[in-house]
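The structure appears below as structure tokens.
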Amino acid sequence: MEPSLIVAEHDGWTELTLNRPDRLNAFNEDLHRALAAALDAAADEACRAVLLTGAGRGFCAGQDLGDRASADGPPDLGATIEAFYNPLIRRIRGLRKPVVCAVNGVAAGAGANIAFACDIVLAARSAKFIQAFARIGLVPDSGGTFFLPRLVGDARARALMLLAEPLSAEKAESWGLIWKAVDDATLMDEARALAAHLATQPTQGLALTKAALNASASNGLDTQLDLERDLQREAGRTPDYREGVSAFVEKRPARFSGRRA
């Protein structure tokens, strides 16, 4: 039996592939648990970047509704969110290294919002993002109501969620919802090259930058300025800062280790 998640270790980075292509990589409990374990393992200092993608013709169709069809009585969807989806978003946002997402096809429902939770999103030009919740009478979850208004503004976020219309990768790029749309044939090459590049960069500085960006959505200016001060103090004590300055003075490429100390 094929694993629901394929984990491929590379030099300093890890590629995670959702592997339920016959279900458009929709989540069931097994996939949730496998991805949670893989992200926890990626917290190791040896891993300095993560690439998340999907197998087959889609990235992720969200929740596998087949799991719901056999349930007796109304399901407690809040329990599923509390047990699986919320921890997944928190893992991605809290991971102290960049998470790249390569959206290779449709990203619908929670699948779209999981992509938006990642740090840098590339999408194949054929990919589409769909806030599909309205089609089945549900509320956007997995951080969708948090991420979308901040990424594209309130008016666009409301229309995407209330109308559940597909959004093309190219329009998602033009709206600032993703980093960029690329040709289908080059998506994985570009995504892997990006992850490999990030794995050579000052990992602790990137982690602190990620922490600052995560906090900025709810902080006022004074609080954010104080946080920048504190994080910069921490960054200035890392080996990579010393290496970066030495490389600049010596006019050579920096050789970052990614270590905390």
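In case it helps, the UniProt record's numbering puts the sequence shown at residues 1 to 261. All residues carry an ideal CB built from backbone N, CA and C; glycine is no exception. What you are looking at is a predicted structure, and each value in this text was computed from that prediction instead of being measured.
Counting C-beta neighbours from all protein chains within 10 Å, is the total for residue i 16 or more, i.e. buried, or is it exposed?
i, result
"Lys128", "buried"
"Asp44", "exposed"
"Glu9", "exposed"
"Val182", "buried"
"Lys97", "buried"
"Asn104", "buried"
"Arg23", "buried"
Provide the residue span of the alpha helix (DSSP H) that contains residue i, from first to last.
i, result
"Phe146", "Gly144 to Val152"
"Lys251", "Careful: Lys251 lies outside any alpha helix (DSSP H) and carries neither H nor E."
"Glu2", "Careful: Glu2 lies outside any alpha helix (DSSP H) and carries neither H nor E."
"Ile89", "Asn86 to Gly94"
"Gly111", "Ala110 to Ala117"
"Glu29", "Glu29 to Ala42"
"Glu234", "Leu221 to Ala235"
"Lys171", "Ala169 to Ser174"
Leaving out five residues before and five after residue i in sequence, what residues of the same chain have Cβ atoms less than 6 Å from its Cβ?
i, result
"Gly12", "Arg48 and Ala199"
"Leu160", "Gln131"
"Ala42", "Thr14 and Val50"
"Gln224", "Ser216"
"Ala145", "Looking at the sequence shown, residue 145 is not Ala but Thr. Nothing meets the Cβ criterion."
"Gly143", "Ile89, Asn113 and Ala117"
In chain order, what residues of the same chain have a beta carbon less than 8 Å from the beta carbon of residue i, not counting five sequence neighbours either side?
i, result
"Ala46", "Gly12"
"Ala196", "His10, Asp11, Gly12, Trp13 and Ala49"
Can you tell me the Cβ-Cβ gap for residue i and residue j, rounded? I've got them flagged as a contact below 8 Å.
i, j, result
"Val100", "Leu194", "6 Å"
"Arg150", "Ala217", "6 Å"
"Leu88", "Ala36", "7 Å"
"Ile120", "Trp175", "That pair is no contact at about 16 Å."
"Asn219", "Leu227", "7 Å"
Can you tell me where the beta strand (DSSP E) with residue i in it begins and where it stops?
i, result
"Gly78", "Gly78 -> not in any beta strand (DSSP E); alpha helix (DSSP H) instead, spanning Leu77 to Thr80."
"Gly54", "Val50 to Gly54"
"Thr14", "Thr14 to Leu18"
"Gly205", "Per DSSP, Gly205 belongs to no beta strand (DSSP E); it is in the alpha helix (DSSP H), Thr203 to Ser216."
Counting only the same chain and skipping the five closest in sequence on each side, list residues whose C-beta sits under 7 Å from that of residue i.
i, result
"Leu208", "Leu231, Glu234 and Ala235"
"Leu162", "Ala134"
Exercise for review: Examine the Cβ distances between the stretch 120 to 139 and the stretch 100 to 109 and report whether three or more of them are shorter than 8 Å.
Suggested key: With a cut-off of 8 Å on Cβ pairs, the stretch 120 to 139 is in contact with the stretch 100 to 109, counting three or more such pairs.
Review point. Are at least three pairs of beta-carbons, each pair with one atom in the stretch 190 to 210 and one in the stretch 152 to 169, less than 8 Å apart?
Key: In short, these stretches do not touch, since the Cβ pair count stays below three.
Check your understanding: Looking at C-beta atoms only, is the number of pairs between the stretch 23 to 36 and the stretch 71 to 89 that lie closer than 8 Å three or more?
Key -> Short answer: they touch.
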